[in-house]
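**Q** Just dropping this structure here.
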Amino acid sequence: MCGIVGIWNPARADPTEAARLAFFSLYALQHRGQESAGIAATDGTDLRLVRRMGLVGQVFSETDLAVLGGRAALGHTRYSTTGSSRIQNAQPMVVTADGLGELAIGHNGNCINARELRDELSREGVRFATSSDTEVVAQVIARETGTTWDDRIRTALPKLRGAWSLVLLTPAALYAVRDPLGVRPLCLGRKGEAWLVASETCALETVGAVFVREVAPGEVLRIDSGGPVPIADFAASRRGLCVFEHVYLASASSDLGGVSVYATRERMGETLADEHPAAADVVIPVPDSAIPAAVGYARRSGIPFREGLIKNRYIGRTFIQPSPQLRRQGVALKYNALRDVLDGRRVVVVDDSIVRGSTSGPIVELLRRHGAREVHMRICSPPIRHQCFFGVDMAHRDELIASHLEVEAIRRHIGADTLGYLSLAGMIRATGGTEAELCTACFTGDYLVPVQLELAKDSLEAEPVR
Ligand code: SF4
């Protein structure tokens, strides 16, 4: 996870416009990370940086936006996947390269060979200030030998393995980069004379920009006053967009690959109703991400849709909070149940996924406490049995409930009357794509690039830091 944005705004009618556009775009991407936020901006001479722990709205003040100013900006909102949740690991990060000056980087994804690359650079005398793979990526680029940033980016990128959408900023240009498989999304937009790149289309809409196209897998776009120009193409022979973006990660208001995420989730719910019908009185979602799937389930099954759980929107999404303690508190504090909707009824409750199983049990219990006579849990993705190494900190494999329990045992564990998961084929069909265009590794174990199964989120943590 993580949300990234980049702005190139040659007009400069308002000197704070680029930083301000980055700020509002980040707001729209808050669902992708809630630990820290930052903006780097440039007026063409140097880079200015503001980054702090917290939500986008807490991190930046009007003074910050005025100080950042600039004709170009790079914004990031972080959810940690490599390196712990602390300010040193917040992004954007800025590194300095011999002869070329400063480079700011914002990264969404996970560079899975960061350990080897870091060891190599450390032997050459590079000192690392953080435990994040993002700094490794930035240093790999900065230490290349080309005479321009274009050259260094082109020669550095083939050394990286894993999933990475990047936005890079120098005083002279903005770069948008996607890994060869296109695991994490990244799109290009336009607002007047300004060019924008963002993790999701919802960020473009929020600031009144129009969607131009997706940055293609393996593509490197350089954006300056001449507009966006592709400077490299490292595309793999197949694609591998993370299917979990469709299921949970992306905003329902975004499009992925030209397809509405909301409509995809509705289709997942419809297919779920076909695959796992239930005799019930009401269909309710676990808000917010499962709302469209519950709408689809209700429509296909003919069972009325109601809201039975009300989410406290000021408490973050349980799954993306970084520590187990926060996650447990989140479950207890996050939902209120509606007795009027639930009392005496047979309830289908639709959720997007079951990761550890620590959320579903308390939800079933909450529904029963508020009068639900039966609880039929329906999940609009298959069982998650494998760890993600590509930028989603689901859990270590041992913590994934479906890695060691079959569906019937999970049902008993969460206390539901019945439990049904969407099939892999049903999930893929709902996206409008094919298996050859998606990463489905956390469901199937078929990783698109070789991974070290023991790789941990804190694998760079033991290194001494300045
Ligand atoms: S392993 Fe799962 S969560 Fe990770 S990139 Fe692949 S589909 Fe997405």
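Residue numbering for the sequence shown follows this note's numbering, starting at 621 and increasing by one per position. Built from N, CA and C at the ideal position, the CB exists for glycine as well.
From the DSSP output, read off the bridge partner residues of ASN728.
**A** In the sequence shown, counting from the first residue as 1, residue 728 sits at position 108. DSSP, once it has assigned bridges, lists SER785 as partnering ASN728.
**Q** Taking only three categories from DSSP, how would you classify HIS696?
**A** Start at 1 with the first residue of the sequence shown, and residue 696 comes out as number 76. Three-state DSSP puts HIS696 in a strand.
**Q** Helix, strand or coil: which one does DSSP assign to ILE930?
**A** Here residue 930 refers to the residue found at position 310 of the sequence shown. DSSP places ILE930 in strand when its eight states are reduced to three.
**Q** Check whether the Cβ of THR884 sits closer than 7 Å to any heavy atom of the ligand SF4, and report yes or no.
**A** On the sequence shown, residue 884 is found 264 positions in, with the first residue counted as 1. THR884 Cβ: outside cutoff for every heavy atom of the ligand SF4.
**Q** In the DSSP assignment, the alpha helix (DSSP H) including PRO924 goes from what residue to what residue?
**A** Residue mapping note: residue 924 aligns to position 304 of the sequence shown, counting from 1. Where PRO924 is concerned, there is no enclosing alpha helix (DSSP H), given that its DSSP letter is neither H nor E.
**Q** Contact defined as beta carbons within less than 8 Å: I believe ALA1061 pairs with VAL968. What is the distance between those atoms, to the nearest angstrom?
**A** The count along the sequence shown starts at 1 and reaches residue 1061 at position 441. The count along the sequence shown starts at 1 and reaches residue 968 at position 348. The Cβ separation is near 29 Å, so there is no contact.
**Q** Measure the alpha-carbon distance for SER742 versus ARG989 and round it to whole angstroms.
**A** For the purposes of this step, residue 742 is taken as the residue at position 122 of the sequence shown. For the purposes of this step, residue 989 is taken as the residue at position 369 of the sequence shown. Going from the Cα of SER742 to the Cα of ARG989 covers about 56 Å.
**Q** Tell me, please, which residues DSSP counts as bridged to ASN956.
**A** Start at 1 with the first residue of the sequence shown, and residue 956 comes out as number 336. Its beta-bridge partners are ILE930.
**Q** Sort out for me which residues DSSP pairs PHE644 with in a bridge.
**A** For the purposes of this step, residue 644 is taken as residue 24 along the sequence shown, with counting starting at 1. Paired residue(s): none; PHE644 is not in a bridge.
**Q** Considering only the beta carbon of each residue, do VAL757 and LEU780 sit closer than 8 Å?
**A** On the sequence shown, position 137 is the one that residue 757 refers to. On the sequence shown, position 160 is the one that residue 780 refers to. Yes.
**Q** Which residue marks the beginning of the alpha helix (DSSP H) containing ARG988, and which one marks its end?
**A** Taking the sequence shown and counting its residues from 1, the one referred to as residue 988 is at position 368. From DSSP, the alpha helix (DSSP H) with ARG988 extends over 980 to 989.
**Q** Report the three-state DSSP secondary structure of GLY1046 (helix, strand or coil).
**A** As a first step, residue 1046 must be located in the sequence shown, where it is residue number 426. Correct three-state label for GLY1046: helix.
**Q** Does PHE680 come out as helix, strand or coil in the three-state DSSP assignment?
**A** As a first step, residue 680 must be located in the sequence shown, where it is residue number 60. Coil, per DSSP.
**Q** Could you have a look at GLY1052 and say whether DSSP puts it in helix, strand or coil?
**A** Against the sequence shown, residue 1052 aligns to sequence position 432. Looking at GLY1052 - three-state DSSP - the assignment turns out to be coil, as it is neither helix nor strand.
**Q** Quick check: the Cα distance between GLN711 and ASN728, rounded to an integer number of angstroms?
**A** The count along the sequence shown starts at 1 and reaches residue 711 at position 91. The count along the sequence shown starts at 1 and reaches residue 728 at position 108. Spanning the two alpha carbons is a distance of roughly 10 Å.
**Q** Tell me whether CYS1059, by its Cβ, gets closer than 7 Å to a heavy atom of the ligand SF4.
**A** Position 439 of the sequence shown, counted from the first residue, corresponds to residue 1059. Result yes, Cβ under 7 Å from the ligand SF4.
**Q** Taking C-alpha atoms, which residue in SER645, GLU1055, GLY721 lies nearest to THR665?
**A** Numbered from its first residue, the sequence shown carries residue 665 at position 45. Nearest option by C-alpha distance: GLY721.
**Q** Relative to the C-alpha of ASP663, which residue among ALA893, VAL827, ARG691 is closest?
**A** By 1-based counting over the sequence shown, the position of residue 663 is 43. Nearest option by C-alpha distance: ARG691.
**Q** Mind checking whether the beta-carbon of VAL803 lies closer than 7 Å to any heavy atom of the ligand GTP?
**A** You won't find the ligand GTP in this model; what it holds is the ligand SF4.
**Q** To which residues of the same chain is GLY672 closer than 6 Å at the C-beta, ignoring the five residues directly before and after it?
**A** Within the sequence shown, residue 672 is the residue found at index 52, counting from 1. Note on residue identity: the sequence assigns Arg, not Gly, to residue 672. Excluding sequence neighbours, ARG672 sits near VAL679.
**Q** Express the C-alpha separation of ARG772 and ARG833 in angstroms, rounding to a whole number.
**A** Your numbering for residue 833 matches position 213 in the sequence shown. Your numbering for residue 772 matches position 152 in the sequence shown. Going by the C-alpha atoms only, they are around 25 Å apart.
**Q** Helix, strand or coil for VAL756 per DSSP?
**A** Stepping through the sequence shown from its first residue, residue 756 is reached at position 136. DSSP places VAL756 in helix when its eight states are reduced to three.
**Q** Take GLN759 and list the residues in its own chain whose beta-carbon comes closer than 7 Å to its own, dropping the five residues that flank it on each side.
**A** Here residue 759 corresponds to residue number 139 of the sequence shown, with the count starting at 1. VAL715, LEU741, VAL746, listed in sequence order.
**Q** Can you find a heavy atom of the ligand SF4 that lies under 7 Å from the Cβ of VAL863?
**A** The residue labelled residue 863 in the question sits at position 243 within the sequence shown. True, at least one ligand heavy atom lies under 7 Å from that Cβ.
**Q** Within 10 angstroms of its Cβ, does VAL817 collect 16 or more other Cβ (buried), or is it exposed?
**A** Numbered from its first residue, the sequence shown carries residue 817 at position 197. The residue is buried, with at least 16 neighbouring Cβ atoms inside 10 Å.
**Q** When you compare each of CYS807, SER921, ASP894, LEU841 to GLY878 by their alpha carbons, which one comes out closest?
**A** Taking the sequence shown and counting its residues from 1, the one referred to as residue 878 is at position 258. The shortest C-alpha separation from GLY878 is found at CYS807.
**Q** Ignoring anything shorter than 3 residues, give me the beta strand (DSSP E) runs that lie fully in the stretch 831 to 870, in order along the chain.
**A** Listed in chain order, they are 839 to 844, 847 to 853.
**Q** Assign ARG652 to buried or exposed, taking buried as 16 or more other Cβ atoms, counted over all protein chains shown, within 10 Å of its Cβ.
**A** The residue labelled residue 652 in the question sits at position 32 within the sequence shown. Buried, since its Cβ has 16 or more Cβ neighbours within 10 Å.
**Q** Just grab the DSSP bridge partners of ALA639 for me.
**A** Start at 1 with the first residue of the sequence shown, and residue 639 comes out as number 19. Answer by DSSP bridge pairing: none, since ALA639 is not bridged.
**Q** Bridge partners for THR662 per DSSP, in chain order?
**A** Stepping through the sequence shown from its first residue, residue 662 is reached at position 42. According to DSSP, which records beta bridges pairwise, THR662 is partnered with LEU667, ALA692.
**Q** Per DSSP, which one or two residues make a beta bridge with TRP815?
**A** On the sequence shown, position 195 is the one that residue 815 refers to. Bridge partners of TRP815: TRP628, ARG810.
**Q** Determine which residues share a DSSP beta bridge with GLY1040 and list them.
**A** The sequence position of residue 1040 within the sequence shown is 420, counting from 1. GLY1040 is bridged to ARG998.
**Q** Under 8 Å, do LEU669 and ALA639 count as touching if we go by C-beta distance?
**A** To locate residue 669, count along the sequence shown from 1; it is residue 49. To locate residue 639, count along the sequence shown from 1; it is residue 19. Against a cut-off of 8 Å, the Cβ pair of ALA639 and LEU669 comes out as no contact.
**Q** Apply the 10 Å Cβ neighbour rule to ALA793 and answer buried if 16 or more other Cβ atoms are within range, or exposed otherwise.
**A** To locate residue 793, count along the sequence shown from 1; it is residue 173. Buried, by the Cβ-count rule.
**Q** Which word fits ILE940, buried or exposed, when buried means at least 16 other C-beta atoms lie within 10 angstroms of its C-beta?
**A** Stepping through the sequence shown from its first residue, residue 940 is reached at position 320. For ILE940, the pLDDT reaches just 47, beneath the cut-off of 50, and the residue's location in the model is therefore unreliable, although a value from the coordinates is still provided. So ILE940 counts as buried.
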